[in-house]
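A.B. asks: The structure's right below; bear with me while I get my questions together.
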Amino acid sequence: MRTRKWTRVEYDRLVEAEILGPEDRVELLGGQMIVKEPQYS
């Protein structure tokens, strides 16, 4: 499996284009998009 690093600008463009939204629970850490796990689960 190949992976790639994302930039903050690319991530912000995905949010602006409404490809990613608050319900997606994704954050950018070190160039990787990470799914945020619910707290207290």
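Numbering (my numbering), first residue to last: 1 to 41.
Beta carbons: idealized from backbone N, C-alpha and C, even for Gly.
Nothing here was measured: the structure is a model prediction, and the numbers come from that model.
1) First and last residue of the alpha helix (DSSP H) that includes leucine 14?
2) For the beta strand (DSSP E) containing glutamine 32, name the first residue and the last one.
3) Spatial neighbours of valine 35 within its chain, please: C-beta separation below 7 Å, excluding the five flanking residues on both sides.
4) Checking the sheet assignment: what are the DSSP bridge partners for glutamate 27?
5) Can the beta-carbon of glycine 11 be found less than 8 Å from the beta-carbon of leucine 28?
C.D. replies: With the given structure in hand:
1) 8-16
2) 32-35
3) Hits under 7 Å: Arg25, Val26.
4) Beta-bridge pairing links glutamate 27 to Ile34.
5) It is worth fixing the name first, because residue 11 is tyrosine in this sequence and not glycine. Yes, Cβ-Cβ distance for tyrosine 11 and leucine 28 is below 8 Å.
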